Amino acid sequence: MRISYREAMRTALHDALASDPRVFLMGEDVGKYGGSYAVSKGFLAEFGPERIRDTPLSELAFVGAGVGAALGGLRPIVEVMTVNFSLLALDQIVNAAALYRHMSAGQFHVPLVIRMATGAGRQLAAQHSHSLENWYAHVPGLTVVAPATIDDARGMLAAALADPDPVIVFEHALLYNSEGELSDAWRACDLTSAQILRQGRDVTLIAWGGTVAKSLEAAAALAAEGIDAEVVDLRVLRPLDDATYIASVRRTRRAVVVDEGWRSGSLAAEVMARIMEQALYDLDAPVARVCSEEVPIPYAKHLEDAALPQPAKVVAAVRRLLGKG
Amino acid sequence: MFEFRLPSLGAEMDEGTLLEWKVKPGDVVHKGDVVAVVDTSKSAIDVEIWTEGTIHELVLEPNRKVPVGTVMARLLEPGESVEHAEAEMRALPAGAVSAGAHAAVASVGDAPAAAAPAAAPRAGTAAAAAPSRQRVSPAARLRAQALGLELTGVTGTGPEGAVTLDDVEKAAAAMRPADRAAAAAAVATTPAAAVAPAVAGRALAMRSAIAAAMARSKRDIPHYYLAADIPLVHLQRWLAARNADRPLTGRVLMAVPLLKAVALALRRFPELNGHHVGDAFVPAESIHVGVAISLRQGGLIAPAIHDVDALPIDELMRRLADLVARARALTLRSSEMTDATITVTNLGEQGVELVQGIIYPPQVALVGFGRVTERPWIEDGKVSVAPVVTASLAADHRASDGHRGALFLNELARLLQQPGQLDAGAT
Amino acid sequence: MTMGTTTEADDPTLRQAILETLQRIAPEVSPREISPSRPLRDQVDLDSMDWLNFLLGLHARLGVDIPESDYRKLVTLDDLLRYVSAKRRG
Chain H
0 MRISYREAMR
10 TALHDALASD
20 PRVFLMGEDV
30 GKYGGSYAVS
40 KGFLAEFGPE
50 RIRDTPLSEL
60 AFVGAGVGAA
70 LGGLRPIVEV
80 MTVNFSLLAL
90 DQIVNAAALY
100 RHMSAGQFHV
110 PLVIRMATGA
120 GRQLAAQHSH
130 SLENWYAHVP
140 GLTVVAPATI
150 DDARGMLAAA
160 LADPDPVIVF
170 EHALLYNSEG
180 ELSDAWRACD
190 LTSAQILRQG
200 RDVTLIAWGG
210 TVAKSLEAAA
220 ALAAEGIDAE
230 VVDLRVLRPL
240 DDATYIASVR
250 RTRRAVVVDE
260 GWRSGSLAAE
270 VMARIMEQAL
280 YDLDAPVARV
290 CSEEVPIPYA
300 KHLEDAALPQ
310 PAKVVAAVRR
320 LLGKG
Chain U
0 MFEFRLPSLG
10 AEMDEGTLLE
20 WKVKPGDVVH
30 KGDVVAVVDT
40 SKSAIDVEIW
50 TEGTIHELVL
60 EPNRKVPVGT
70 VMARLLEPGE
80 SVEHAEAEMR
90 ALPAGAVSAG
100 AHAAVASVGD
110 APAAAAPAAA
120 PRAGTAAAAA
130 PSRQRVSPAA
140 RLRAQALGLE
150 LTGVTGTGPE
160 GAVTLDDVEK
170 AAAAMRPADR
180 AAAAAAVATT
190 PAAAVAPAVA
200 GRALAMRSAI
210 AAAMARSKRD
220 IPHYYLAADI
230 PLVHLQRWLA
240 ARNADRPLTG
250 RVLMAVPLLK
260 AVALALRRFP
270 ELNGHHVGDA
280 FVPAESIHVG
290 VAISLRQGGL
300 IAPAIHDVDA
310 LPIDELMRRL
320 ADLVARARAL
330 TLRSSEMTDA
340 TITVTNLGEQ
350 GVELVQGIIY
360 PPQVALVGFG
370 RVTERPWIED
380 GKVSVAPVVT
390 ASLAADHRAS
400 DGHRGALFLN
410 ELARLLQQPG
420 QLDAGAT
Chain V
0 MTMGTTTEAD
10 DPTLRQAILE
20 TLQRIAPEVS
30 PREISPSRPL
40 RDQVDLDSMD
50 WLNFLLGLHA
60 RLGVDIPESD
70 YRKLVTLDDL
80 LRYVSAKRRG
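Read top to bottom, the protein sequences are chains H, U and V.
Residues 0 to 324 in numbering that gives the first Met the number 0 are what the first sequence spells out, letter by letter.
Residues 0 to 426 in numbering that gives the first Met the number 0 are what the second sequence spells out, letter by letter.
Residues 0 to 89 in numbering that gives the first Met the number 0 are what the third sequence spells out, letter by letter.
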């Protein structure tokens with residue numbers, strides 16, 4: 000069945016709301032407006048204002064309310080419009096949700112799911128376009144996922160809700176309109192493993208979220224040059240599934256990490272460091288990365304495109320690793 | 000601006016470890032100044048520079064093992080300003096610094112393969128500075144180690160000219176079967192060396208260095224061998240008289256007049272004194288005699304005494320004593336390691352009569368002396384007992400012929416009959 | 000180390016001094032393994048430069064000067080002991 004990412008996500012939310020009365024959705028514009036990205040369109044009429052709650056523009060308050068509801072036994076899904084805005088709620092996420100299990104010696108769990116859009120590419124300018132997944136992937140006590148495929152958009156939410164501890168779900172804003180085949184694999188979604196989306200012998204492209212599709216596009220272009228690229232979708236940004244991408248790099252001996260975040264202190268840097276730690280002697284070239292330029296993401300289309308990782312940049316990085324730069 | 004590169008300190012040396020800088024940026028250096036101490040497989044060597052200048056930048060950090068030809072330092076030419084040098088650096092395209100600037104490699108006379116930078120950087124790659132050492136990917140290095148493959152000379156096709164796994168596999172496939180077997184055998188002995196203490200590691204390294212040089216010699220050099228018995232009645236008498244009234248510190252060993260006589264004889268036989276470089280023999284302008292010195296811990300080293308033909312006997316004795324002491328203490332200078340134009344070996348100490356030596360490449364001759372023994376000697380129809388030494392010559396047939404070699408031994412014999420002349424420095 | 004061997008010049012201190020000097024030249028030598036009555040240069044790998052340095056060491060330590068013409072008298076460790084003690088007495 001061919002569906003859009005938005006439909007997959009919407010179906011997942013609908014399933015969750017329909018199957019578990021403890022589940023409710025809360026956030027800015029999720030009710031009357033139907034969600035900034037139209038993921039919850041029609042939900043208000045179907046599930047009522049008790050379970051589809053529009054909130055004021057106050058991230059700290061409504062994420063905090065979600066933490067409280069989770070502690071109280073509900074299964075809240077809190078939607079934050081973009082990761083940029085989530086910074087207002089950092090205290091509730093990092094100092095409350097992520098810590099309670101540890102500080103209560105396991106007596107309290109916070110079964111909270113926070114969805115947020117991330118990334119650029121829609122000309123929404125700097126305050127709506129950044130990729131700060133690495134901020135959350137840094138924090139013990141959180142599970143951080145980035146569904147990039149139709150299957151994951153369909154299946155990851157249920158796995159997140161089943162987790163007794165807080166899970167952050169990053170949905171790249173460019174993905175909602177993407178389409179693909181939904182396979183049965185969505186039913187087996189876990190929150191632990193990375194996945195090889197394309198097998199190849201010459202280089203491993205490591206990506207997640209919005210850069211997965213760009214990496215697949217780059218791999219197709221490289222194939223035309225006779226370079227056989229493997230593409231790994233990390234899926235889970237915390238905890239990282241080292242085994243999968245390290246094994247891939249050991250086979251191909253070269254790696255390019257594709258990360259829409261800024262280079263300095265990026266998640267790409269963490270992945271590269273782990274490759275050095277675990278696979279240095281298997282490497283046949285320095286590990287490379289393609290990240291966003293270190294500027295606030297521009298509004299103008301041509302500048303925005305230039306600032307972001309693009310398939311052509313990935314192709315160029317691979318060529319350099321193969322001594323063909 | 001010019002570069003100072005790691006010189007080859009012997010035919011078998013292809014890498015070295017910088018132990019210590021003896022200079023710092025801003026220091027003015029003159030010809031012959033020791034600028035660094037470098038550990039080779041044989042010993043720690045004081046490396047000299049032969050171009051005047053001011054140290055601008057020390058590129059290489061101590062304790063790094065690098066191939067011969069690696070840029071160690073950059074220097075300002077006399078009168079050159081820092082600004083000029085830096086402008087020159089910026090003006091040069093990446094990678095051209097090494098090729099364009101004249102490199103102050105100590106003159107070695109060695110085969111170009113050993114002294115040349117190991118891998119040329121790919122033209123037009125990245126704006127990185129000229130690579131300071133051969134780039135080898137970790138995977139390629141590991142594989143080369145496992146195969147026992149020498150990476151010097153393997154051209155890299157990876158990023159910035161790095162040697163990749165593929166390059167190693169191809170180079171290994173191109174190796175001759177015999178070499179491959181030898182390499183594998185060397186690898187098989189390596190684990191023991193890895194756990195052995197440093198001394199044993201050095202001994203093993205020296206063994207393999209000697210193995211490489213001698214194998215190269217026997218492979219490449221068409222040796223011919225000549226020998227002649229030389230009576231030393233006059234020399235022994237002259238030496239005894241000379242030493243009789245001298246304190247220990249003033250005494251001269253038999254080896255000294257033998258060395259001197261070799262050097263003087265060489266003046267008339269330039270085809271035995273020099274180096275075979277590339278496809279041609281290059282005669283040396285000076286006579287620097289390498290003296291084979293066996294080390295107590297095992298192994299052999301043949302550092303040079305410079306201008307032996309011009310040294311008075313007492314001075315030559317002082318130089319020889321100093322050289323032996325420093326060779327055994329492993330503190331030699333780079334010029335001593337590289338400058339020899341011929342080698343003399345004196346296995347007579349071990350009681351043998353005849354030495355058939357292996358030439359130390361790229362030299363073209365080796366003179367051996369056996370033990371001085373009392374033998375019947377016939378002269379003018381009369382038999383007498385005389386001290387006699389068998390002198391031998393192993394020479395490179397590409398550079399000289401047996402007839403000239405024989406004349407050289409005759410000349411040597413003649414000189415040794417007139418010991419008084421040896422001290423004069425002229426024939 | 001040399002128990003049971005008696006010579007006219009068996010001076011343990013002098014013997015010790017000679018052996019120590021020898022060891023500076025040839026560190027691999029074990030004094031216990033030196034037979035005092037066998038030729039020294041058969042037991043220790045000494046070339047003529049080593050021998051000269053050994054004699055220089057003895058001179059520095061014991062103040063004896065050994066002319067070259069006497070070298071042939073000095074074959075064994077006992078020879079050396081006798082020679083050096085005679086020189087010092089004289």
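Glycine is no exception: its CB is placed at the ideal position from the N, C-alpha and C atoms.
The structure displayed is predicted, hence computed values, not measured ones.
Integer-rounded CB distance, given that residue j should sit under 8 angstroms from residue i
| i | j | result |
| --- | --- | --- |
| Q194/H | R253/H | Going by Cβ atoms, the distance from Q194/H to R253/H rounds to 20 angstroms, so no, they are not a contact pair. |
| A339/U | A398/U | 15 angstroms between Cβ atoms; not a contact. |
| A69/H | V29/H | With 8 angstroms as the limit, A69/H and V29/H do not qualify as a contact, their Cβ atoms being about 17 angstroms apart. |
| T389/U | D228/U | 5 angstroms |
| L282/H | A171/U | Not really, about 19 angstroms apart at Cβ, beyond 8 angstroms. |
| R81/V | T20/V | The Cβ separation is near 16 angstroms, so there is no contact. |
| V37/U | T16/U | 7 angstroms |
| I312/U | H287/U | In fact, because the Cβ distance is near 18 angstroms, the residues do not count as touching under 8 angstroms. |
| Y175/H | R5/H | 4 angstroms |
Residue i: contacting residues in chain V (beta-carbon distance under 7 angstroms)
| i | result |
| --- | --- |
| L252/U | S47, M48 and L51 |
Under 8 angstroms by beta carbon: chain V residues contacting residue i
| i | result |
| --- | --- |
| T248/U | L55 |
| V323/U | M48 |
| R295/U | A25, P26, E27 and D44 |
| E348/U | D46 and S47 |
Pair within 8 angstroms by beta-carbon distance, residue i and residue j
| i | j | result |
| --- | --- | --- |
| K312/H | V294/H | no |
| T372/U | V354/U | no |
| A161/U | S136/U | yes |
| L331/U | I48/U | no |
| F3/U | L74/U | yes |
| T39/U | M12/U | yes |
| E178/H | S3/H | yes |
| V58/U | A35/U | no |
Euclidean distance between Cα positions of residue i and residue j
| i | j | result |
| --- | --- | --- |
| A242/H | A206/H | 15 angstroms |
| L247/U | L51/V | 8 angstroms |
| S68/V | N409/U | 30 angstroms |
| G65/H | V166/H | 12 angstroms |
| A105/U | R40/V | In this prediction, A105/U scores a pLDDT of 36, lower than 50, which makes its location untrustworthy; the coordinate-derived value is nonetheless stated afterwards. Their backbone Cα atoms lie some 41 angstroms apart in a straight line. |
| I296/H | H129/H | 7 angstroms |
| L238/U | I292/U | 22 angstroms |
| A158/H | M271/H | 28 angstroms |
| D183/H | P310/H | 29 angstroms |
| E216/H | V314/H | 9 angstroms |
| P285/H | T163/U | 11 angstroms |
| T154/U | R403/U | 42 angstroms |
| V112/H | M155/H | 11 angstroms |
| H101/H | V67/U | 57 angstroms |
| L5/U | I358/U | 25 angstroms |
Interface partners of residue i on chain H, CB under 9 angstroms
| i | result |
| --- | --- |
| G157/U | D283, A284, L320, L321 and G322 |
| T163/U | R252, D283, A284, L321 and G322 |
| L141/U | Y280 and D281 |
Interface partners of residue i on chain U, CB under 8 angstroms
| i | result |
| --- | --- |
| L279/H | P137 |
Status (buried if at least 16 other CB within 10 Å, exposed otherwise) for residue i
| i | result |
| --- | --- |
| F53/V | buried |
| E348/U | buried |
| T69/U | buried |
| L56/H | exposed |
| L302/H | exposed |
| A83/H | Inspection of the sequence shows that residue 83/H is occupied by Asn rather than by Ala. N83/H comes out buried. |
| Q15/V | exposed |
| T191/H | exposed |
Residue i beta carbon near the ligand NAP (any heavy atom closer than 7 angstroms)
| i | result |
| --- | --- |
| A211/U | Of the ligands one can find in the structure shown there are none, so the ligand NAP has no counterpart to examine. |
Chain U contact residues for residue i, given Cβ-Cβ distances below 7 angstroms
| i | result |
| --- | --- |
| P66/V | A243 |
Closer than 9 angstroms at the beta carbon, the chain V residues around residue i
| i | result |
| --- | --- |
| A320/U | M48, L51 and N52 |
| A239/U | E67 and S68 |
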